[in-house]
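Protein chains: 2
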Amino acid sequence: MPHPSAHRNAPAVLRVHRPSTVDLIATELRNAIYSGALAVRSPLREVEIARQLGVSRSPLREAAQRLVQEGLLTAKPGQGMRVAVVGEDRLDDLFEARVAVESHAARMIIDKHDDAAVAKVQSAFDHLLRTAEGNDARAIGDADLDFHFALVDAADNAHLSRYMSTLVVETRLASFSSKRGYVVRKDITQSHHGIMAGLQDWDAEAAADAIREHMVEAVDRLTGVLEERGVHVETVTEEPTPAGAYALGPITQPLTELS
Amino acid sequence: MPHPSAHRNAPAVLRVHRPSTVDLIATELRNAIYSGALAVRSPLREVEIARQLGVSRSPLREAAQRLVQEGLLTAKPGQGMRVAVVGEDRLDDLFEARVAVESHAARMIIDKHDDAAVAKVQSAFDHLLRTAEGNDARAIGDADLDFHFALVDAADNAHLSRYMSTLVVETRLASFSSKRGYVVRKDITQSHHGIMAGLQDWDAEAAADAIREHMVEAVDRLTGVLEERGVHVETVTEEPTPAGAYALGPITQPLTELS
DNA sequence: GCATGTATGATTGTCGACAGCAGTGCGACC
DNA sequence: GGTCGCACTGCTGTCGACAATCATACATGC
Chain A
19 MPHPSAHRNA PAVLRVHRPS TVDLIATELR NAIYSGALAV RSPLREVEIA
69 RQLGVSRSPL REAAQRLVQE GLLTAKPGQG MRVAVVGEDR LDDLFEARVA
119 VESHAARMII DKHDDAAVAK VQSAFDHLLR TAEGNDARAI GDADLDFHFA
169 LVDAADNAHL SRYMSTLVVE TRLASFSSKR GYVVRKDITQ SHHGIMAGLQ
219 DWDAEAAADA IREHMVEAVD RLTGVLEERG VHVETVTEEP TPAGAYALGP
269 ITQPLTELS
Chain B
19 MPHPSAHRNA PAVLRVHRPS TVDLIATELR NAIYSGALAV RSPLREVEIA
69 RQLGVSRSPL REAAQRLVQE GLLTAKPGQG MRVAVVGEDR LDDLFEARVA
119 VESHAARMII DKHDDAAVAK VQSAFDHLLR TAEGNDARAI GDADLDFHFA
169 LVDAADNAHL SRYMSTLVVE TRLASFSSKR GYVVRKDITQ SHHGIMAGLQ
219 DWDAEAAADA IREHMVEAVD RLTGVLEERG VHVETVTEEP TPAGAYALGP
269 ITQPLTELS
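What follows is the structure, given as structure tokens:
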């Protein structure tokens with residue numbers, strides 16, 4: 019039985035895309051950092067992790083170099099690599115870069131009057147709204163980052179999407195690096211609402227302003243400047259993880275995928 | 019004799035920053051790609067290049083993975099790595115990403131009324147003007163890319179600068195990948211003049227518009243759509259290189275540098 | 001007691017080697 | 001004559017091993 023997607027004038031077979039072992043390891047490492055399985059500042063024990071992944075040190079080190087290039091790992095000669103710390107001194111640069119990417123993504127969507135793109139962002143926004151009703155800080159944080167990635171991804175620019183995927187993980191690292199633990203603001207949906215409104219009104223400046231304001235709020239939250247000013251905002255804090263011995267799953271070669 | 023820069027209240031010694039071997043190799047590879055020593059689409063012969071660099075295959079492969087992450091090298095399982103081809107299908111995404119980064123850099127400079135930043139860009143612009151008087155296509159191309167990097171670098175955001183440094187090399191790869199060879203427009207200074215004017219007038223929208231227009235012109239030049247439309251613009255073409263056997267210099271450990 | 005020097009253990013950085021795969025050319029077969 | 005099959009060659013992907021380096025703890029001396 020032919021596959022339903024088999025098209026008449028389409029080429030008989032699609033080009034197969036085989037991910038290399040290094041690809042798989044790099045993805046695994048990124049996920050481990052994003053999920054917190056690899057804690058901030060923790061050294062990357064090559065022999066141990068290589069054993070957990072079921073590979074040798076060579077491909078692991080090669081994959082790790084990709085994350086070094088992304089800024090997710092830092093390497094010091096003689097001391098190996100550790101999960102990068104995104105301290106307060108880097109917050110301005112990081113979130114300003116996000117403003118650059120996300121506001122331009124919004125401008126692209128608006129310039130094209132791309133209804134489908136807005137619908138995608140709306141979907142992510144709805145999910146954020148539902149999640150924000152609960153008190154799971156991590157889930158809210160995930161939905162938040164998903165929203166921002168969806169915004170950039172909806173602009174349909176592979177280059178910006180790839181850069182954004184790194185920015186997302188770095189943002190997560192900034193939260194993990196915070197002295198106050200993993201905290202999200204309860205009013206997080208409000209600033210997102212401004213972004214959605216800008217998109218729906220096809221108002222690029224309004225969307226860009228909302229994004230800029232949202233990033234300022236994020237930096238304020240992470241630096242704790244709000245508490246210093248005596249401003250009270252309701253937040254949700256994740257109970258600190260046991261930081262126990264994590265375990266990375268072994269690399270499993272996925273079935274040959276078509277692209 | 020104490021160094022003149024020794025400050026009274028500064029820490030006695032600065033933190034030393036030792037570049038790792040992988041750092042040096044990665045820089046060497048980037049330069050080789052930027053200069054064209056490693057031609058587009060050419061496979062990365064690991065044994066040969068490792069021998070030229072005076073290192074083993076392991077650190078070379080690790081360094082190469084950094085360039086894979088940057089998109090400067092592409093890796094296919096079983097076929098090793100080759101210098102990436104930035105074909106016409108990727109031009110839109112690439113230059114749109116540059117618009118995002120560069121226009122935001124301009125906005126940052128303008129928002130801060132940063133005179134020193136404008137002066138830096140002006141310096142790069144002057145150099146471009148002088149170079150454009152000649153007919154050395156490659157030199158003009160270098161000055162062009164230097165200008166755009168200077169613009170982003172002047173915004174004083176390490177994150178964006180790092181991303182821009184990759185975008186610069188990718189842009190160079192786009193020129194190398196062009197079927198028409200390495201070509202620069204004679205009227206290249208005009209569109210840059212608009213950018214400079216926007217900065218000097220502290221007019222963010224004017225600067226952003228000029229940047230956007232500049233990128234459109236660049237894409238038009240690379241896709242050859244101008245010729246198709248019968249529009250004639252004066253260009254300078256670099257005579258094709260002999261494509262002879264290049265040679266990468268051996269890795270030399272620089273003296274311990276202070277950061 | 002504090003600082004300095006030393007031994008130890010673990011971990012990284014690098015290398016050479018080997019198996020396996022991909023591309024190529026030749027030859028056989030339909 | 002074209003297609004298929006097969007051996008060959010070069011290269012990659014992966015591994016284990018070794019030396020150099022770093023961090024830690026301990027001992028020594030002032």
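Residue numbers (the numbering used here), protein chains in the order written: chain A, 19 to 277; chain B, 19 to 277. The C-beta atom is built at its ideal place from N, Cα and C for all residues, glycine as well.
{"Item": "Buried or exposed: which applies to N153 of chain B, given that a residue is buried once 16 or more other Cβ atoms fall within 10 Å of its Cβ?", "Value": "exposed"}
{"Item": "What residue from A:V237, A:M182 and A:H210 has the CA that sits closest to D227 of chain A's CA?", "Value": "A:H210"}
{"Item": "Residue range of the beta strand (DSSP E) that V202 of chain A falls in?", "Value": "V201 to R203"}
{"Item": "What are the residues that DSSP puts in a beta bridge with M99 of chain B?", "Value": "B:A93"}
{"Item": "Taking only the alpha-carbon atoms, compute the straight-line gap between D162 of chain A and L146 of chain A and give it to the nearest angstrom.", "Value": "6 angstroms"}
{"Item": "Judging by CA-CA distance, which residue of A:L169, A:R79 and A:T149 is the nearest neighbour of V186 of chain A?", "Value": "A:L169"}
{"Item": "Based on DSSP bridge pairs, tell me the residues matched to T184 of chain B.", "Value": "DSSP, once it has assigned bridges, lists no residue as partnering T184 of chain B."}
{"Item": "I want to verify the contact list: residues of chain B whose CB lies under 7 angstroms from the CB of E80 of chain A, in sequence order.", "Value": "R79, E80 and Q83"}
{"Item": "Where do the ends of the alpha helix (DSSP H) carrying H232 of chain A lie?", "Value": "A222 to T241"}
{"Item": "List the residues of chain A whose Cβ lies closer than 8 angstroms to the Cβ of M126 of chain B, in chain order.", "Value": "E114"}
{"Item": "Buried or exposed, going by whether 16 or more other CB atoms sit within 10 Å of the CB of A172 of chain A?", "Value": "buried"}
{"Item": "State buried or exposed for Q208 of chain A, treating a residue as buried only when at least 16 other CB atoms are found within 10 Å of its CB.", "Value": "exposed"}
{"Item": "Give me the Cα-Cα distance between R148 of chain B and A50 of chain B, rounded to the nearest whole angstrom.", "Value": "26 angstroms"}
{"Item": "Skipping 5 residues on each side, what residues in its chain have a beta carbon closer than 6 angstroms to that of T184 of chain B?", "Value": "E88"}
{"Item": "Going by DSSP, which residues form a beta bridge with P61 of chain B?", "Value": "B:R100"}
{"Item": "Residues in the segment 158 to 178 of chain A with C-beta within 7 angstroms of chain B's C-beta atoms, listed in sequence order?", "Value": "N175, A176, H177 and L178"}
{"Item": "Report the rounded CA-to-CA distance for S141 of chain B versus Y52 of chain B, giving the unit in angstroms.", "Value": "22 angstroms"}
{"Item": "Show which residues of chain A have a CB atom less than 9 angstroms away from the CB atom of E88 of chain B.", "Value": "Q87"}
{"Item": "Is it the case that the segment 94 to 103 of chain A contacts the segment 213 to 222 of chain A, given that we only count it when at least three CB pairs across the two stretches are under 8 angstroms?", "Value": "no"}
{"Item": "If we call anything under 8 angstroms between Cβ atoms a contact, is P77 of chain A one with T45 of chain A?", "Value": "no"}
{"Item": "Counting only Cβ pairs nearer than 8 angstroms, list the residues of chain A close to D107 of chain B.", "Value": "Ordered by position in chain A, no residue passes the 8 angstroms Cβ test against D107 of chain B, which lies about 10 angstroms from the chain."}
{"Item": "Restricting to Cα atoms, I'd like to know which of A:V34, A:D221 and A:A155 is closest to V202 of chain A.", "Value": "A:A155"}
{"Item": "Report the rounded CA-to-CA distance for R75 of chain A versus V104 of chain A, giving the unit in angstroms.", "Value": "26 angstroms"}
{"Item": "Would a check of beta-carbon distances place S277 of chain A closer than 8 angstroms to chain B?", "Value": "The predicted model places S277 of chain A with a pLDDT of 40, which falls under 50 and marks its position as unreliable; any figure quoted below should be read in that light. With 8 angstroms as the cut-off, S277 of chain A does not count as an interface residue toward chain B."}
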